[in-house]
Amino acid sequence: MNKVAIRLIVFFALIAVILPATVFSAEYPTKALTYIICFNPGGESDITARIQEPVLKKYFGQDVVVTYKIGGGGSVGWSELIRSKPDGYTIAGDNLPHIILQPLERGKAGYNTLDLKQIYMFESTPDLLVVRQDSPYKTLKDFIDYAKKNPPGIVTVGGSGSSTANDLGTTMLNKAAGIKLTYIPFGGSGSAVPALLGGHVTALMTYSTMGVQYKGKFRSLAIASEERMAVLADVPTFKELGYDVVEGAYRGVAAPPGTPDDIVKKLADVFDKVMKDPAVQKKMDENGFKTEYMGPEASLKLVKKKMVEYEAIMKELGRIK
Amino acid sequence: MFDYILLGLHNLFTIQNLLLVLAGTVSGMIVGALPGLTATMAVALLVPFTYTMSPIAGLVTLGAIYMGCIYGGAFSAILINTPGTPSSIGTTFDGYPMAKQGRGEEAIVAATIGSAIGGLFGVVCLIFLSPPLADIALKFGPAEYFWVGVFGITIISSLSEGAFLKGITGAAFGILVSTIGIAPIGGDVRFTFGSPAMQGGVELIVMLIGLFCIPELLNLVLQGEARKEQIEYKRTKGVLWNTTRRIFSMPGNLLRSSIIGTVVGILPGAGGNIANLVAYNEAKRASKTPEKFGTGIIDGVVATETANNAVVGGGMIPLVTLGIPGAPPDAIIYGVLMLQGLRPGPELFAERADITYTFMLAVGLAAIVMVPVGLYGGRLMSRFVATLSTRYLVPGIAILTMVGSYAIRNNYLDVILMLLFGVIGFGLRRLGFAAPPIVLGLILGPLMETGLVQTLLTGQRFTSPWFALVVNPISWILIAMSIFSFLWPYFGSILKWLKGIGHSREQAG
C-alpha cells in the first residue's frame, strides 16, 4: 500500500515536471512574463514599462510582472538576467550606451554586451541641451560664444551620471565646437533638474523627455537627433546648426543568452504590436519619447555599430586603453 | 484658494475615496511595520493597481499608503528595535528601551500622536506655503548638500556622548561601506570583490536590519525565557490620556520637529532618514534633561516620529510646484502623474486644482486616520509582541528579516550581507560601538561624496576649486551649525576650562 502510494506520488510528480515542459514547447507562452527594470521607479525605463504593461498583457496573453533589480547603473540587473533561465519568461529592459560602456570601462561588469540577446528596441531619447527659461542664452550660438569667451572648463553642464549618453553628448559637443564644457554628473536625469533651476550649473545635457516635461522652465537650445522631433518642433538639431552631434539613449528589452530564436521572435512581435498600439503611441509622444521599431536583427545591428563608435570615442578620451 | 480647498474636500468626501484613504493608510502601516519593506517599495508595488482607477482615486490611495508606511515604521522600531523604514531609525533609541520597561504602549501612543501632528503640519505647509518654500529646494546646490552631510555627521558627537572616538570610528566605517559599488561620479568600480551583484553597493535597509535587528534577536535568545519577567506587560489605566497630555505639554518639540521634517523633506537630496535623526538630536539639545535621552524618554519618540511624517508633506512641495520629487516615493507619484497625462508643476496646480487639492487633502486625512487605527492596532500589536514567547518571537522575526532584506532588491546577496552585518553588529555592540553612527555614515557618505566632487568640478572658475565650498551664504550657515552642533556636548567642559584659566590667572595676579 505504502509502495503504491509512493509510486503514485512519483508518477504525478514526473507528470508535473514533464507536462509544462512539453506544453511550453508546443504553445509559448503558458505562464507569466517577468519584466525586470534595472533602474529606479519613476525614471524613464520605469515609465516606459508602466506605459507598456497593460497593453503587453493583452498581446502576450499571459500575466506580466514588472520587478526591479536596481544597482550599479543597471549592471546588477543585467548580470542577473544573463544567468536566468533562457525560456523566454524572463526579460529585462536594457539601455544603450550603458550595456556597451559598462563592460568597456569596468572590465568585469558581470556581463558582456553581446550576452544580452536583443529582442526589440522600442524607444530613444535624443540628447537635448537646455538652459533656464530666463537665461541670457537664446540660441546655441549664444551659448557656444559664451563658452568661447571664458577660460576653458568654467561653463558647467549637468547631466545624468558618468558614461551616459548625456556625458558622451557633452563630449561630442566639446569636440565639434572646439570648446571645453565641464560635465557634472548627477544621480539621474531628474536629480539634475533642481541644479539647473537653482542656477548651480549653466546648462543641462539631458534627454528629450525632460524638454517636454519641463517645457515652461527650460529653453531647449538644440537636440542631438538626425531630424527634429514632432513634440519639440521648434528646437533645431545640432546638425542643422553645423555641429555633428548625434547622441542619445536607446531603450529596449533583452533576453538571457541561449533563448531560442523562435521565442525571441514571438516576443519581438508582441512588442511590435504593443508599440504600434495607439494608446501606447499617444503616451510615448506626450512624454517626449521617440518610438523605435527595431526587431532582433535591427537591434543587434545597432548595438554592434555603436560598440565600434563608442570604443573609438572612449579611447580618444583616454577613459579606456 | 479656499474655493479649491472646498472643491477638494467635496471630491475627497465620497464613500469610495474615504474607503481608499482608510485602506491605503492601514495597508501602508502594515507594510511600514515590516522591516525591509519601505514606503518607496509600497508605493511602487501599488502603481499597477492605479491604472484602472481615476487619477484622483489612484493618487489618494498612493498618498495614504505613503503616509501610513512612514508611521508604521515606528511599530517595529519600538517593539523589536528594528526601524521598519529608514525614517524610524531614531525611534529605536528611546522607543525600544521604553518597550523593554513595559512601556511599549506609551511609546506607541507617542509615535501615533507625533506622526499625526507632523503629518498634518507638512500637509498644511504643502497647501498654504508651497510656492515660497519650493524655492528652498533650488537654493541647495552641490556645496550645500556637502555641508548638510557634514552637519549630519556632527550629530554623532551628541549621539555617542562619552564615547566620541567610538562614534566617529563607527561613522568612518559606515562611510567606508558606502563607497562599495560603482562610484556615483566617474563610475569607478570600488570594493566589489569581483562580484557583479556588489556593483549596486550596500543597501541601507540591509545594514539597518543587520545592525539593529539581528543583535537584538541574539540577545533575546541568549536571555532565553528570562526576558518574560523583564518585559512583563503592565496594563496601566489611562495610558492614552496621560501620554497624550504629556505630548501636548511639549509644543516646542512638536513644532521644532515638524519644521525640521518639512524643510528636510523639501530638499530633494535628503529625506526622512536624515530628518528623524536631526530632529532627535535637536530635541536632545533643547531638553533640560539630555542625559535621559536613550534611556526610554518619550520626547525622543515624539521628535523622530513627528519629523518623519512631516517629511511626507514637505517632500511634495517641490513636486507639486516645480515637478521635482522631494523624496524617492514622490518620484513614483511623479511617474504616476505622468502616466495619467498630468504634468506636475504650477500648471497642474492651476489647471487641475480638483486633482491637486484632493490629493493634498487626502494625504492630510491619512494623517488623521492613523490616530484611531494606530491607537487600536498598535496597542494590540504591542501587547501581542510583549506577551509572545521568545520561542515564537525570534524565529518569526528572523524570517521577516530575511524576506525584508531579499525583497528590497530581489537579491540573495542582500540576505547574506544582512546576516554578516548582524554578526558584525553583535560583536561591535559588545565592544561598545553603537549602530547609529555606522548607519549615519552609510546615509551621509554618498551625500557628502557627490556634493564634494560636484562642487570641485563646478569650482573651476576659482583659483582653487575648494573655494566653491564656502562661497554661498547657505554654506556659511551650515558650517556654523556644524561647528555649533559638534561642540555643543562639550560646551560645559569648555566653559569650565575657560573659567579655570581665569581662576588661575586671578590667583597668579
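Residue numbers (our numbering), protein chains in the order written: chain A, 1 to 321; chain B, 1001 to 1509.
Cβ atoms here follow ideal geometry from the backbone N, Cα and C, with glycine treated the same way.
The continuous beta strand (DSSP E) containing Asp127(A) extends over residues Lys117 to Arg132. At a cut-off of 8 Å between C-beta atoms, Lys1139(B) counts as an interface residue with respect to chain A. Around Val1189(B), the beta-carbon contacts reaching into chain A at under 7 Å are Arg106. Apart from the 5 residues on each side of it in sequence, Phe1140(B) sits with its Cβ closer than 6 Å to the Cβ of Leu1267 in its chain, given in chain order. If you check the CB distance, Val1373(B) and Val1123(B) do not come in under 8 Å. For Pro185(A), there is no enclosing alpha helix (DSSP H); the enclosing beta strand (DSSP E) covers residues Thr182 to Phe186.
Take Arg1246(B), set aside five residues on each side of it, and the residues of its chain with a beta-carbon closer than 7 Å to its own are Ile1298, in chain order.
The C-alpha of Gly1095(B) is placed about 32 Å away from the C-alpha of Leu1133(B). Closest in C-alpha terms to Thr30(A), from the list Ile47(A), Asp87(A) and Asp46(A), comes Asp87(A). Taking a Cβ-Cβ cut-off of 8 Å, the neighbours of Glu1347(B) in chain A comprise Gly216, given in sequence order. Glu226(A) and Pro185(A) have their alpha carbons spaced roughly 25 Å apart. Judged by DSSP in its simplified three-state form, Tyr250(A) adopts strand. Spanning the alpha carbons of Gly1008(B) and Ile100(A) requires a straight line of approximately 49 Å. Between the segment 1099-1117 of chain B and the segment 1413-1423 of chain B there are fewer than three C-beta pairs closer than 8 Å, too few to call the two in contact.
Taking each of Val1312(B), Thr1179(B) and Pro1035(B) in turn and checking the Cα distance to Ile1205(B), the smallest one comes out for Pro1035(B). As summarised for the segment 1320-1366 of chain B, the continuous alpha helix (DSSP H) elements at least 4 residues long and confined to that stretch are 1328-1339 and 1346-1351, given in chain order. Of the other Cβ atoms in all chains shown, 16 or more fall within 10 Å of the Cβ of Met314(A); this residue is therefore buried. For Asp94(A), the beta-bridge partners assigned by DSSP are Gly252(A). A distance below 8 Å separates the beta carbons of Gly158(A) and Ala192(A). For Gly159(A), DSSP records a beta bridge to Pro185(A) and Met205(A).
Around the beta carbon of Gly1167(B), 16 or more other beta carbons lie within 10 angstroms, which makes this residue buried.
By the neighbour-count criterion, in which a residue is buried when 16 or more other Cβ atoms sit within 10 angstroms of its Cβ, Glu1305(B) is buried. No residue range can be given for Glu240(A), since it is assigned to no alpha helix (DSSP H) and is classified by DSSP as neither H nor E. The beta carbons of Ala1310(B) and Thr1262(B) sit about 5 Å from each other, so the pair counts as a contact at 8 Å. Following the DSSP letters along the chain, one finds Thr164(A) in no beta strand (DSSP E), marked with neither H nor E. Leu33(A) has Val64(A) as its beta-bridge partners, per DSSP. In the structure shown, Ala224(A) adopts coil according to DSSP, grouped into three states. Under the three-state reduction of DSSP, Met1098(B) is assigned to helix.
Within the same chain, Cβ atoms closer than 8 Å to the Cβ of Ile1494(B) are found at Leu1487, the five residues on either side in sequence being excluded. Thr1387(B) and Gly1072(B) have their C-alpha atoms some 20 Å from each other.
For Pro54(A), the chain B residues whose C-beta falls within less than 7 Å of its own C-beta are Tyr1051, listed in chain order. Taking 8 Å as the CB threshold, Pro185(A) lines the interface with chain B.
Counting along the chain, the unbroken alpha helix (DSSP H) around Tyr1392(B) starts and ends at Thr1390 to Ala1407. Of all residues in the segment 63-80 of chain A, only Val66, Thr67, Tyr68, Lys69, Ile70, Gly71, Gly72, Gly73, Ser75, Val76, Ser79 and Glu80 place a beta-carbon less than 8 Å from a beta-carbon of chain B. Fully contained in the segment 1001-1053 of chain B are the following alpha helix (DSSP H) runs of length 4 or more, in chain order: 1002-1012, 1015-1033 and 1039-1050. Assignment of Thr1306(B) by DSSP, reduced to helix, strand and coil, places it in the helix class.
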